[in-house]
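Asker: Here UniProt numbering is used: the first residue of the sequence shown is 1, the next is one more, and so on.
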Amino acid sequence: MTPAIEVEHLQCRFGAKVIFQDLNLRINQGSTCALLGANGVGKTTLLAMLVGALEPSAGSIRIDGYDPRKFAQPLHQVGFHFDVAALHPHHSPRRHLQWMATALGVDKQRVDMLIHHAGLEAFAHRRLKHCSLGIRQRAGIASAMLADPPILLFDEPLNGLDLQGILWFRGLLDTWRAEAKTVVLSTHDLPEAQRSVDQVCIIADKQVRLQAGMEQVLATFGGLEPAMIAHIPELAGR
Ligand SMILES: Nc1ncnc2c1ncn2[C@@H]1O[C@H](COP(=O)(O)OP(=O)(O)OP(=O)(O)O)[C@@H](O)[C@H]1O
């Protein structure tokens with residue numbers, strides 16, 4: 001089966017600064033995968049490359065076998081929410097979702113459904129700049145779901161979510177897994193990742209240092225924290 005995401009020999013440089021050197025990653029359809037690694041290791045950069053927003057310096061990225069920069073309807077293929085700063089501060093959650101729905105050719109009823117599903121009714125008409133981080137996260141996560149894409153990418157989606165929001169996102173992951181959608185999320189919340197995803201990818205030293213199923217990681221290392229300590233040179237001996 002064609003992998004949902006295949007990254008081969010990826011290099012990324014910003015000027016003289018090398019972020020990735022020969023990074024390889026393969027995520028099968030239906031997997032939920034946590035991208036883990038130290039601050040500044042390149043998780044956000046990798047996610048941006050997966051949606052074609054950043055150009056690799058070398059190497060290839062394939063999404064369902066295709067170059068993501070060439071998708072005719074990219075948000076129908078890959079939904080993503082990376083940064084609440086990308087949401088227009090003067091739009092309300094509803095206006096933001098309606099605006100995106102129009103651009104994507106998505107039925108307005110789906111906006112209503114997502115507003116309800118994300119628990120945004122009470123905030124639907126409040127400007128995003130006056131909403132809390134957790135509410136903006138919910139709006140961003142909901143916007144990634146608008147076109148019901150088979151692949152979803154998130155950058156630290158749990159940041160700012162309250163317990164209700166965390167339970168909502170956990171439920172989404174269960175639903176997406178049941179629907180065989182592929183999900184990749186970066187996070188520093190190791191306990192939540194350990195309970196919510198089935199694949200782990202640890203990035204360190206410009207490469208993927210470990211990619212494995214959660215069951216295998218738990219059987220080998222006993223938890224995500226010891227797995228991180230074993231694969232991140234800066235953490236050695238802690
Ligand atoms: N446009 C850019 N120009 C130069 N350097 C950049 C650019 N974008 C990112 N970087 C650098 O690339 C590195 C990786 O950043 P990135 O945000 O991807 O890390 P991260 O793993 O997501 O970090 P965190 O866990 O702190 O969110 C950092 O050193 C960052 O400063």
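The beta-carbon is built from N, C-alpha and C at its ideal position, and this holds for glycine as well.
Would you mind working out which of P93, P56 and T102 sits nearest L75, comparing C-alpha positions?
Answerer: Ranking P93, P56 and T102 by Cα distance to L75 puts T102 first.
Asker: Kindly identify the DSSP beta-bridge partner or partners of A34.
Answerer: According to DSSP, A34 bridges with L185 and V200.
Asker: Just list the residues that DSSP pairs V208 with in beta bridges.
Answerer: Per DSSP, I203.
Asker: Let's see if you can read the secondary structure: which residues bound the alpha helix (DSSP H) around V41?
Answerer: Segment: none, V41 is in no alpha helix (DSSP H) and carries neither H nor E.
Asker: Taking the alpha carbon of R110 as the point to measure from, which residue in F154, H81, A142 and L128 has its own alpha carbon closest?
Answerer: Among F154, H81, A142 and L128, the Cα nearest to that of R110 belongs to A142.
Asker: S57 and E8: beta carbons closer than 7 Å?
Answerer: Contact: no.
Asker: With a threshold of 7 Å on Cβ separation, who are the neighbours of L163 within its own chain once the five nearest residues in sequence on each side are excluded?
Answerer: There are no such residues.
Asker: Taking the alpha carbon of R136 as the point to measure from, which residue in A118, A147 and D148 has its own alpha carbon closest?
Answerer: Per the Cα distances, A118.
Asker: On the criterion of 16 or more Cβ atoms from any shown chain inside 10 Å, does D83 qualify as buried, or is it exposed?
Answerer: Label assigned to D83: exposed.
Asker: Please report the distance separating the alpha-carbon of I202 from that of N28.
Answerer: Their backbone Cα atoms lie some 16 Å apart in a straight line.
Asker: Who pairs with C12 in a beta bridge, going by DSSP?
Answerer: Answer is F20.
Asker: Using the Cα positions of V208 and N24, report the straight-line distance between them to the nearest angstrom.
Answerer: Distance between the alpha carbons of V208 and N24: 6 Å.
Asker: For G42, is the beta carbon positioned less than 6 Å from some heavy atom of ligand 1?
Answerer: G42: yes, Cβ under 6 Å from ligand 1.
Asker: Just to confirm before moving on: does the CB-CB distance between V200 and A212 stay below 7 Å?
Answerer: The answer is yes: Cβ separation under 7 Å.
Asker: What does the Cβ neighbour count give for L167, buried or exposed, with the cut at 16 atoms within 10 Å?
Answerer: Exposed.
Asker: Determine the burial state of G165: buried for a count of at least 16 other Cβ atoms within 10 Å of its Cβ, exposed for fewer.
Answerer: So G165 ends up on the buried side.
Asker: Closer than 6 Å to a non-hydrogen atom of ligand 1 - does that hold for the CB of F14?
Answerer: Yes - ligand 1 has a heavy atom lying nearer than 6 Å to the Cβ of F14.
Asker: Would you kindly work out how many angstroms separate the C-alpha atoms of H116 and G37, rounded to a whole number?
Answerer: Distance between the alpha carbons of H116 and G37: 34 Å.
Asker: Could you give the distance in angstroms between the alpha-carbon of R170 and the alpha-carbon of A124?
Answerer: When rounded, the distance between both Cα atoms is 22 Å.
Asker: When you compare the CB positions of L120 and P93, do they come within less than 7 Å of one another, or not?
Answerer: Their beta carbons are under 7 Å apart, which means L120 touches P93 by this criterion.
Asker: Considering only heavy atoms of ligand 1, does any lie closer than 6 Å to the CB of N159?
Answerer: Not so, every heavy atom of ligand 1 lies at least 6 Å from the Cβ.
Asker: Starting from L163, follow its DSSP beta bridges and name the residues at the other end.
Answerer: None; L163 has no bridge partner.
Asker: Leaving out five residues before and five after M1 in sequence, what residues of the same chain have Cβ atoms less than 8 Å from its Cβ?
Answerer: N28 and Q29.
Asker: What span of residues does the beta strand (DSSP E) with H81 cover, start to end?
Answerer: Segment V78 to H81, the beta strand (DSSP E) holding H81.
Asker: In the DSSP assignment, what are the bridge partners of E6?
Answerer: R26 and R62, per the DSSP bridge assignment.
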